[in-house]
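Notes follow the structure.
There are 2 protein chains.
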Amino acid sequence: MRMAQVSEHSGVPIATIKFYLREGLLPRGRRISTTQAEYGEEHLRRLRLIRALIQVGRMPVATAREVLAAVDDESLSQHQRLGAAAWALPGPVPPEQDGSGPDETEQARREVSALLARLGWQAAGPDSPPGQALTAAVATLARLGYPCDADHLALCARAAERTAEAELDLLESFPDRAAQVEASVALTVLYEPVLLSLRRLAHVEESARRFED
Amino acid sequence: MRMAQVSEHSGVPIATIKFYLREGLLPRGRRISTTQAEYGEEHLRRLRLIRALIQVGRMPVATAREVLAAVDDESLSQHQRLGAAAWALPGPVPPEQDGSGPDETEQARREVSALLARLGWQAAGPDSPPGQALTAAVATLARLGYPCDADHLALCARAAERTAEAELDLLESFPDRAAQVEASVALTVLYEPVLLSLRRLAHVEESARRFED
Numbered sequence: 001m002r003m004a005q006v007s008e009h010s011g012v013p014i015a016t017i018k019f020y021l022r023e024g025l026l027p028r029g030r031r032i033s034t035t036q037a038e039y040g041e042e043h044l045r046r047l048r049l050i051r052a053l054i055q056v057g058r059m060p061v062a063t064a065r066e067v068l069a070a071v072d073d074e075s076l077s078q079h080q081r082l083g084a085a086a087w088a089l090p091g092p093v094p095p096e097q098d099g100s101g102p103d104e105t106e107q108a109r110r111e112v113s114a115l116l117a118r119l120g121w122q123a124a125g126p127d128s129p130p131g132q133a134l135t136a137a138v139a140t141l142a143r144l145g146y147p148c149d150a151d152h153l154a155l156c157a158r159a160a161e162r163t164a165e166a167e168l169d170l171l172e173s174f175p176d177r178a179a180q181v182e183a184s185v186a187l188t189v190l191y192e193p194v195l196l197s198l199r200r201l202a203h204v205e206e207s208a209r210r211f212e213d
Numbered sequence: 001m002r003m004a005q006v007s008e009h010s011g012v013p014i015a016t017i018k019f020y021l022r023e024g025l026l027p028r029g030r031r032i033s034t035t036q037a038e039y040g041e042e043h044l045r046r047l048r049l050i051r052a053l054i055q056v057g058r059m060p061v062a063t064a065r066e067v068l069a070a071v072d073d074e075s076l077s078q079h080q081r082l083g084a085a086a087w088a089l090p091g092p093v094p095p096e097q098d099g100s101g102p103d104e105t106e107q108a109r110r111e112v113s114a115l116l117a118r119l120g121w122q123a124a125g126p127d128s129p130p131g132q133a134l135t136a137a138v139a140t141l142a143r144l145g146y147p148c149d150a151d152h153l154a155l156c157a158r159a160a161e162r163t164a165e166a167e168l169d170l171l172e173s174f175p176d177r178a179a180q181v182e183a184s185v186a187l188t189v190l191y192e193p194v195l196l197s198l199r200r201l202a203h204v205e206e207s208a209r210r211f212e213d
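Set out below in C-alpha cells:
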C-alpha cells in the first residue's frame, strides 16, 4: 500500500509517518518509483508499536529508537528480545528525580536484593533497569516515612508473577517471533494504566467491604 | 516545634513549607507570638502526604488541595475518606489525551461494565474516576490493535483484589483514622512505581524461564 493508505489504516497523519521515517523509527518502504514507496503489514504493526511507546509510554524518540533496535536485533535470544521492553523502557521513577540520599538508596538496594533472593528471581538483579526503578521507589517510600514491609513486597511480587505468566501466555498467542516481540513492548506499556486502574477499583471495593455500613 | 525544626525533621526547605501554607495545603501552626507559630506531629505527617501527592504523584496543587479536603472531611464515612485517594487521584490516562473515538470508548465502557459485573465489584462503577481511567486504557489498547481479552482482564483484576486486601491490612495497622486516611492516599501513589517495577522484573523472570536455553 501507499503512504496515504498507511495513514488511513493506522489513523496516523502523513506528516507524523514522515517524521517517524526521518527519525529512523519506521523502516522505509520498498521504492517503486522516484516519488513513491510501497508499505506492508509490517509497517502498520510497527506504527502501532511506535505509538504505544511514544504516545502512551511518553518515551523520548531517542529511547524509542533504542527499544526498537533491540526488538529488531536478530542476534539477541528471544528471551532478550522479549525482555527488551521490561529492560529498556524507562522506569516509572527516574532515579535522578527521586531525591533520596545515598544511605536510603543503599538500604533500599539491600532490601531489593533480599527480596529477589527470597523470590528466587535471578534473571534481573537490583542493578538492572527495573531493579534500579524498584530500588528508587522503595527508597522514596522510606524517605517519606512509609518503609516497605518485606512480607508485603513479597506478596505483591507473587501477584506480579501470576499476571506475568498470563501475559506471556498472551504473547505466545501472537503468530510469529517478530509480532511477539512487538506485542511484548506494546503490552508492557499499554497494560500499565489498565493495572493501575484495576488496583484503584479494587481498593474502593475492598474499602467498601470493610468500612461501609 | 518551630518552622525551622519542621524543615529539619522533614527535609522540606522552609520556602517550600511557606508555599504549602500559602496554598492552603498545610494547616497553619498555633500562633505563639506575632512572628512565630508552633507546629506538631500532625504537620510533619501532612507534609509527607503533600510530598507524596505532588512530588511522586505529580499532582497539580489544585488537585492536591481537593484530595486533602476529602481527607479532612469528617462528614464522610471512613470508606469514603479511605477511598478518596483511589477516587480523586488523577487517573493514569487522562481520557481527553487518550485520542480514542466515541465508538471505541463506548465499546470499552461496555467491556468495563461487563468486567465489574463478572467480578461482583459494585462500589465504583464505570463512570467513577478509576472506572473512566480503566475505560480509557481499554479503548487505547483497542485503538492500537491490541483488544483486551475479558479472561485476561478478570485474572489481572483478581490479582489486584488480593493485593488490595493486603494493602488495606497494612492501612489498618496505622494508629488512628486520620493517619489511616493519610497513609491510604500516600500509599496509593507511592506503591504505583513499586508495583510497575515488580511487574517488569516478573516479566524478565518469566521470559527467562520460558525462552532462555
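Each protein sequence line maps, in turn, to chains A and B. Everything in the first sequence is counted per full-length UniProt numbering, starting at 1 for the first residue and increasing by one. Everything in the second sequence is counted per full-length UniProt numbering, starting at 1 for the first residue and increasing by one. Backbone N, C-alpha and C define an ideal beta-carbon position, used for all residues, glycine too.
Leaving out the 5 sequence neighbours to the left and right, which residues in its chain are closer than 8 Å to Ile32 of chain B when beta-carbon positions are compared?
For Ile32 of chain B, where only same-chain residues beyond five positions count, the Cβ hits under 8 Å are Glu38.
Just to confirm my understanding: we take Val61 of chain A, look at its own chain, exclude 5 residues before and 5 after, and list those with CB closer than 8 Å. What are they?
Cβ neighbours of Val61 of chain A beyond the five flanking positions: Glu23, Leu25, Ile54.
For Leu200 of chain B, collect the residues of the same chain with a Cβ closer than 7 Å to its Cβ; drop the 5 residues on either side in sequence, then sort them by chain order.
Correcting the residue type first, residue 200 of chain B is Arg in the shown sequence and not Leu. Exclusion of the five residues before and after Arg200 of chain B leaves no residue of its chain whose Cβ lies closer than 7 Å to its Cβ.
Please determine if the segment 138-148 of chain B and the segment 105-120 of chain B are in contact, where contact requires at least 3 C-beta pairs separated by less than 8 Å.
The segment 138-148 of chain B is in contact with the segment 105-120 of chain B.
Proximity below 7 Å, CB of residue 269 of chain A to CB of Ala69 of chain A:
Past the edges of chain A, shown from 1 to 213, lies residue 269 of chain A, and the structure says nothing about it.
Give a yes or no on whether 7 Å exceeds the smallest Cβ distance from Glu62 of chain A to chain B.
In the sequence as displayed, the identity of residue 62 of chain A is Ala instead of Glu. Not closer than 7 Å to any Cβ of chain B, the Cβ of Ala62 of chain A fails to qualify, so no.
Would you kindly work out how many angstroms separate the C-alpha atoms of Val93 of chain B and Ser197 of chain A, rounded to a whole number?
Unreliable positioning characterises Val93 of chain B in this predicted model, as indicated by a pLDDT of 49, which lies under 50. The coordinate reading is nonetheless provided below. Straight-line measurement puts the Cα of Ser197 of chain A at about 9 Å from the Cα of Val93 of chain B.
Could you check how far apart the C-beta atoms of Ala114 of chain A and Ala142 of chain A are, in whole angstroms? I think they sit under 8 Å.
Contact annotation, Ala114 of chain A with Ala142 of chain A: C-beta distance approximately 14 Å; criterion of less than 8 Å not satisfied.
Short Cβ contact (7 Å threshold) for Ala124 of chain B with Glu206 of chain A
The Cβ atoms of Ala124 of chain B and Glu206 of chain A do not sit closer than 7 Å to each other.
Taking Ser7 of chain B as part of the alpha helix (DSSP H), name the residues at either end of that continuous run.
Per DSSP, Ser7 of chain B is one residue of the alpha helix (DSSP H) stretching across 3-10.
Going along chain B, which residues have a C-beta under 8 Å from Phe19 of chain A?
Under the 8 Å cutoff, chain B gives no residues; its nearest Cβ is about 17 Å from Phe19 of chain A.
Using the beta-carbon count (16 or more within 10 Å), is Gln122 of chain A buried or exposed?
With a threshold of 16 other beta carbon atoms within 10 Å, Gln122 of chain A falls short and is exposed.
Does Pro94 of chain A get closer than 7 Å to chain B when you measure Cβ to Cβ?
Residue placement at Pro94 of chain A is poorly supported in this model, since its pLDDT is 48, which falls under 50; the coordinates still yield a value, given next. For Pro94 of chain A, the answer is no, since every Cβ of chain B falls outside 7 Å of its Cβ.
Residue of A:Arg177, A:Pro193, A:Leu190 minimising C-alpha distance to Gln80 of chain A
With distances taken between CA atoms, Gln80 of chain A lies nearest to A:Arg177 out of A:Arg177, A:Pro193, A:Leu190.
Express the C-alpha separation of Pro27 of chain A and Leu134 of chain B in angstroms, rounding to a whole number.
When rounded, the distance between both Cα atoms is 33 Å.
Secondary structure of Glu111 of chain B, DSSP reduced to three states
Of the three classes helix, strand and coil, the one that applies to Glu111 of chain B here is helix, per DSSP.
Using the Cβ count rule (16 or more neighbours within 10 Å means buried), how would you classify Glu161 of chain A?
It counts as buried.
Where Arg65 of chain B sits in the DSSP three-state scheme
In the structure shown, Arg65 of chain B sits in a helix (DSSP, three-state: H, G or I).
C-alpha distance - Gly29 of chain A paired with Gly40 of chain A, whole-angstrom precision
Those two C-alpha atoms are separated by around 8 Å.
Which of the three DSSP states is assigned to Glu74 of chain A in this structure?
Three-state result, Glu74 of chain A: coil.
Cross-strand partners of Glu38 of chain B (DSSP beta bridge)
In DSSP, Glu38 of chain B forms a bridge with B:Arg30.
Looking at chain B, is there any beta carbon in it that lies within less than 7 Å of the beta carbon of Gly83 of chain A?
Interface residue (Cβ-Cβ distance to chain B less than 7 Å): Gly83 of chain A is classified as such.
Burial state of Arg46 of chain A, where buried means 16 or more other Cβ atoms lie within 10 Å
Label assigned to Arg46 of chain A: buried.
Rank A:Val181, A:Met3, A:Ile50 by C-alpha distance to the C-alpha of Thr35 of chain A and give the top, closest one.
Looking at the Cα atoms, A:Met3 is the closest of the given residues.
What does Thr163 of chain A reach in chain B if we use C-beta pairs closer than 8 Å?
Listed along chain B, the residues sitting closer than 8 Å to Thr163 of chain A by beta-carbon distance are Leu155, Cys156, Ala159, Arg199, Ala202.
Whole-angstrom distance between Gln132 of chain A and Pro95 of chain A, CA atom to CA atom
Residue placement at Pro95 of chain A is flagged as unreliable, the pLDDT there being 43, under the threshold of 50; a coordinate-derived value is accordingly withheld.
Buried or exposed: which applies to Ile50 of chain B, given that a residue is buried once 16 or more other Cβ atoms fall within 10 Å of its Cβ?
Classification of Ile50 of chain B: buried, given that the 10 Å Cβ count is 16 or more.
In chain A, which residues lie less than 9 Å from residue 221 of chain B when you measure between Cβ atoms?
What the structure shows of chain B is the stretch from 1 to 213, and residue 221 of chain B is not part of that stretch, so it cannot be assessed.
Pick from A:Cys156, A:Glu192, A:Arg210: whose alpha carbon is nearest that of Arg58 of chain A?
Considering only A:Cys156, A:Glu192, A:Arg210, the residue with the shortest C-alpha distance to Arg58 of chain A is A:Glu192.
Step through the CB atoms of chain D and report whether any lies within less than 7 Å of the CB of Phe174 of chain A.
The question asks about chain D, but that chain is absent: this structure's protein chains are A and B.
Endpoints, the alpha helix (DSSP H) within which Asp151 of chain A is located:
150-172 is the extent of the alpha helix (DSSP H) around Asp151 of chain A.
Determine, for Pro193 of chain B, whether the minimum Cβ-Cβ distance to residues of chain A falls below 7 Å.
Pro193 of chain B has a beta carbon lying within less than 7 Å of a beta carbon in chain A.
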